[in-house]
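Asker: The structure is given below, and queries will be raised subsequently.
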Amino acid sequence: MSDRITGLIVAVLALAFFAGASQLESPFFADPVGPKTFPYIIAAIAFISGVTMVVLPDPEPQWPGLVMLGRILIAVVVLVFYAYALKPLGFLLPTALAAGALSYQIVPNRTAATLIGISLSGGLFIIFKFALGLGLFALPRWLWS
Amino acid sequence: MDLLANLALGFSVALTPTTLALAVAGCILGTMIGALPGLGPSNGVAILIPLSFSFGLDATQALVLMTAVYYGAMYGGRISSILLNIPGDEPAMMTTLDGYPMAKQGRAGDALVLSGVASFVGALLATIGLMLLAPILARVAFLFGPAEYFALYLLAFCTLGGIGSKNQAKAAIAVCLGLGIAMIGVDSSTGLTRFTGDSLHLFDGVDFLVAIVGLFAVAEVFVFIESHGKDSAIGVQLEKVTIPVRDIIATRWTMLRSTIIGFVAGLLPGAGASLGSFLAYMSEKAISSDKSKFGKGDPRGVAAPEAGNNAAAGGALVPMLTLGVPGSGTTAVLLALLMTLNITPGPLLFTERPEVVWGLIASLLIANFVLLVLNVPLVKMFSRILQVPAAVLLPAVTMISFVGIFSLSGSHFDLLLMIGFGLLGYALRKLSIPAVPVILGILLGGHMEVSLRRAMVLSDGDWVYLFSSPISIGLWVAAFLGFIAPLFLRSYLKAPKPPGDKI
């Protein structure tokens with residue numbers, strides 16, 4: 742079933758990609774191939790392969806249970822938070838939180854996760870800042886200005 | 021002689037203190053990365069590339085560091101295969117077949133030393149092969165026009181997809197996904213923007229480093245969250261390490277044969293180290309008179325895949341440097357490094373930047389001896405690394421990836437894109453759609469389109485031009501066979517089951 746659904750998604754995406762390419766305007770001085778042809782070829786191959794997947798699916802892969810998917814979702818949320826927080830909040834605090842939370846998702850042990858978060862944050866900061874010389878800020882910049 | 025002059029130039033670059041220190045550091049780092057379960061050459065090199073830029077290394081130095089990491093990871097991959105029965109990376113999978121049983125018989129030290137020596141033989145001879153063959157191939161590459169390059173890219177996609185995947189349709193989808201992503205951004209020959217959805221962030225296209233780190237490193241975190249606890253094997257204790265002289269002498273021809281097979285497998289665009297170790301193991305098994313010993317801790321079964329995969333690692337550098345077509349996932353990552361450094365691999369690299377190529381080759385020759393020391397007398401030290409728990413390792417890898425990508429662009433958009441690629445990589449892994457063709461597609465998509473369009477300009481739109489030279493016809497035939505043949509060979513080429521006593 743997963744393969745059939747994926748194949749369908751691929752086929753639809755291929756059609757959308759084809760439609761997107763057909764909307765491009767070819768400038769009059771374009772080369773014989775133009776900017777559309779290569780995307781057309783890609784879309785055609787992807788469409789055929791997607792349909793093949795619908796017709797000839799492989800055995801069903803083993804998907805994780807809901808609890809596990811929840812954990813992965815939490816990890817994604819943590820990472821998105823980290824992506825937004827890294828610049829405004831400085832390195833130390835978001836890294837400690839994100840590393841601790843990820844570690845908790847792998848092995849649910851609160852004490853260990855806290856320790857891992859704090860020590861990774863500190864250790865990596867020292868490596869990045871002083872060994873590699875990256876321009877990182879330890880703490881939020883507005884604390885100074 | 022040309023070769024000696026070139027080597028002298030290479031060693032004059034490689035023996036400068038900075039370059040030498042980088043090569044040694046790369047070897048140590050690489051062996052560690054290879055030994056860590058879940059981190060292999062491709063994701064190890066991927067997370068280090070952004071950092072090597074912020075470190076301000078020049079082209080030769082960055083290339084030497086990363087290739088040393090690559091070689092080191094190929095050596096180190098065997099450590100967890102033998103001691104934990106978990107391959108440290110994909111090419112080291114064949115080493116579990118005889119390495120782990122050998123370790124369970126109390127010969128863990130022997131297996132590690134033997135495989136270390138086999139790695140050394142394979143990698144050293146392959147580096148020499150690279151040295152001899154690359155300049156010749158670079159001269160042949162001068163005959164390549166846009167039509168030939170188009171066919172060559174096609175060949176790389178076809179063999180990589182055909183051999184590396186169990187389902188041709190899935191391999192083709194992976195390639196199309198990569199090529200489609202490569203189309204995003206400004207079209208270089210007309211200046212039109214394509215598929216950007218009017219987002220300013222996408223005008224420059226999708227940075228391939230973001231895609232690589234997402235697909236290789238971030239996806240690994242999700243896989244680990246899912247599999248935690250399930251995959252932990254009972255490790256074999258490493259007692260004392262002695263040198264099994266008898267085994268090394270007994271397997272000398274095995275090592276040589278496997279080196280040749282691995283090197284040739286590495287040369288094929290798109291095939292790479294996994295194929296090298298697989299073919300080396302299978303052919304040693306096929307020609308031996310007592311096949312039943314394989315899989316039960318036969319020294320030949322340890323030496324063959326290690327010599328094979330390290331030789332393939334060297335061989336894979338040949339098409340990457342001379343033609344700009346990588347032979348494996350890791351060489352694709354190295355190609356990304358070159359492209360970011362504004363070095364175009366290809367025949368011109370050998371004539372215009374000889375110090376880069378020969379500096380690299382000389383550094384690799386030195387690196388092999390460093391790696392022999394690290395992996396034979398000091399192997400016990402590296403086996404301790406296996407005890408780093410996943411709950412520490414994976415967050416660390418994630419944070420390093422984030423900081424690396426963040427230090428490149430400083431925008432949170434790239435970080436979000438990287439998380440997206442991580443999820444994509446996880447879904448692809450679950451659906452057994454290979455991720456390497458996606459990377460290759462993103463890397464080569466632009467070049468492939470440009471060569472098609474140049475060929476059409478030359479022929480004024482006549483498609484027959486694509487098949488008009490013997491080289492391009494040969495490449496088209498090879499591409500077709502590379503994609504189709506595995507369909508029929510698959511039933512013969514079944515990998516033997518790994519020793520199944522994981523807890």
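Chains as they are written, first to last, in my numbering: chain W, 742 to 886; chain G, 21 to 523. Positions of the beta carbon are idealized from the N, C-alpha and C atoms, including for glycine.
Beta-carbon of W/Met742 versus every beta-carbon of chain G: anything under 7 Å?
Answerer: W/Met742 does not count as touching chain G.
Asker: Out of W/Ser743, W/Ala784, W/Ala752, state which residue places its alpha-carbon closest to the alpha-carbon of W/Phe759.
Answerer: Of the candidates W/Ser743, W/Ala784, W/Ala752, the one whose C-alpha sits nearest the C-alpha of W/Phe759 is W/Ala784.
Asker: Which chain G residues sit within Cβ distance under 8 Å of W/Arg763?
Answerer: Reading the sequence as shown, one finds Ser at residue 763 of chain W and not Arg. Neighbours of W/Ser763 on chain G: none; closest Cβ ~12 Å, over 8 Å.
Asker: Is there at least one Cβ from chain G nearer than 7 Å to W/Pro805's Cβ?
Answerer: True, the Cβ-Cβ gap to chain G drops below 7 Å.
Asker: So is G/Val44 in contact with chain W if we call contact Cβ pairs under 7 Å?
Answerer: Answer no: the Cβ-Cβ gap between G/Val44 and chain W never drops below 7 Å.
Asker: Can you pull the chain G neighbours of W/Ile750, defined as C-beta to C-beta under 7 Å?
Answerer: None at all; the shortest Cβ gap to chain G is about 10 Å.
Asker: May I have the straight-line CA-CA distance separating G/Ser100 from W/Ile782, to the nearest angstrom?
Answerer: Between G/Ser100 and W/Ile782, the C-alpha separation is close to 43 Å.
Asker: Using a Cβ-Cβ cut-off of 7 Å, state whether G/Gly556 counts as contacting chain W.
Answerer: As shown, chain G starts at 21 and ends at 523. That puts residue 556 of chain G outside it, with no answer to give.
Asker: Measuring from the CB of G/His221, is there a heavy atom of the ligand SAM at a distance below 6 Å?
Answerer: Within the structure as shown, the ligand SAM is missing, as the structure has no ligands at all.
Asker: Identify whether G/Val206 lies in helix, strand or coil by the three-state DSSP scheme.
Answerer: It is a strand residue.
Asker: So, is G/Asp310 buried or exposed, given that buried needs 16 or more other C-beta atoms within 10 angstroms?
Answerer: The residue in question, G/Asp310, is exposed, as its Cβ has fewer than 16 Cβ neighbours within 10 Å.
Asker: When we look at the beta-carbon of G/Phe508 and count the other beta-carbons within 10 Å, is it buried (16 or more) or exposed?
Answerer: Exposed, since its Cβ has fewer than 16 Cβ neighbours within 10 Å.
Asker: Determine whether the Cβ of W/Arg851 lies closer than 7 Å to any Cβ atom of chain G.
Answerer: No - not a single Cβ of chain G is within 7 Å of the one on W/Arg851.
Asker: Would a check of beta-carbon distances place W/Ala760 closer than 7 Å to chain G?
Answerer: Chain G contact via Cβ: absent.
Asker: For G/Ser403, I'd like the list of residues in its chain whose CB is within less than 8 Å of its CB, leaving aside the five on either flank, ordered along the chain.
Answerer: Only Ala55, Ile99, Leu103, Leu132, Leu258 meet the Cβ criterion.
Asker: Using only CA atoms, which one of G/Gly349, G/Asp318, G/Leu337 lies nearest to G/Thr116?
Answerer: If we check each option's Cα against that of G/Thr116, G/Asp318 comes out closest.
Asker: Expressed to the nearest angstrom, what Euclidean distance is found between the alpha-carbon atoms of G/Val322 and W/Pro773?
Answerer: The alpha-carbon atoms of G/Val322 and W/Pro773 are separated by roughly 55 Å.
Asker: Are G/Ser139 and G/Glu326 touching if we call contact CB-CB under 7 Å?
Answerer: Taking 7 Å as the Cβ cut-off, G/Ser139 and G/Glu326 qualify as a contacting pair.
Asker: Would you give the residue range spanned by the alpha helix (DSSP H) that G/Thr61 belongs to?
Answerer: The displayed chain sequence assigns Pro, not Thr, to residue 61 of chain G. Here the alpha helix (DSSP H) through G/Pro61 covers 61-74.
Asker: Using a Cβ cut-off of 8 Å, pull out every chain W residue sitting near G/Met476, in sequence order please.
Answerer: Neighbours of G/Met476 on chain W, chain order: Asp772, Pro773, Val774.
Asker: Is the beta carbon of W/Phe779 closer than 7 Å to that of W/Ala755?
Answerer: No. Outside cutoff.
Asker: With a threshold of 7 Å between beta carbons, is W/Ile859 in contact with chain G?
Answerer: By this cut-off, W/Ile859 is not an interface position.
Asker: Closer than 6 Å by C-beta to W/Leu830: which residues in its own chain qualify, once you throw out the five before and the five after it? Chain order, please.
Answerer: Hits under 6 Å: Pro881.
Asker: Is the shortest distance between the beta-carbon of G/Phe426 and the beta-carbons of chain B less than 7 Å?
Answerer: The displayed structure is made up of protein chains W and G, and chain B is not among them.
Asker: Just the Cα atoms here: how many angstroms apart are G/Leu150 and G/Leu157?
Answerer: The alpha-carbon atoms of G/Leu150 and G/Leu157 are separated by roughly 10 Å.
Asker: Would you mind sorting G/Phe503 into buried or exposed? The rule is 16 or more other CB atoms within 10 Å of its CB.
Answerer: So G/Phe503 counts as buried.
Asker: Rounded to whole angstroms, how far is the Cβ of G/Leu341 from the Cβ of G/Leu369, which I believe are closer than 8 Å?
Answerer: The Cβ separation is near 7 Å, so the contact holds.
Asker: Excluding the 5 residues preceding and the 5 following G/Ile53 in the sequence, name in chain order all residues of the same chain whose CB lies nearer than 6 Å to its CB.
Answerer: The answer, listed in chain order, is Leu59, Gly64, Ala93.
Asker: Alpha carbons only, please: which of W/Ile786, W/Tyr845, W/Leu877, W/Gly761 is nearest the one belonging to W/Leu834?
Answerer: Per the Cα distances, W/Leu877.
Asker: Check each residue of the region 405-417 of chain G: if its Cβ is closer than 8 Å to any Cβ of chain W, include it; give the result in chain order.
Answerer: Listed by position, the residues of the region 405-417 of chain G near chain W (Cβ gap below 8 Å) are Pro409, Ala410, Ala411, Val412, Leu414, Pro415, Ala416.
Asker: Let me know the secondary structure DSSP gives G/Thr262 once reduced to three states.
Answerer: G/Thr262: coil per DSSP, three-state reduction.
Asker: On a Cα-Cα basis, can you pick out the residue from W/Leu861, W/Asp744, W/Ser763 that is closest to W/Gln803?
Answerer: Per the Cα distances, W/Asp744.
Asker: Determine the contact status of G/Val89 and G/Thr39, defining contact as a CB-CB distance below 7 Å.
Answerer: The answer is no: Cβ separation not under 7 Å.
Asker: To the nearest angstrom, report how far apart G/Ala28 and G/Arg214 are at their CA atoms.
Answerer: Distance between the alpha carbons of G/Ala28 and G/Arg214: 48 Å.
Asker: Short check: CB of G/Ile453 to CB of G/Met438, under 7 Å?
Answerer: Taking 7 Å as the Cβ cut-off, G/Ile453 and G/Met438 do not qualify as a contacting pair.
Asker: What are the boundary residues of the alpha helix (DSSP H) that W/Met742 is part of?
Answerer: That residue, W/Met742, is in no alpha helix (DSSP H); it is neither H nor E in DSSP.
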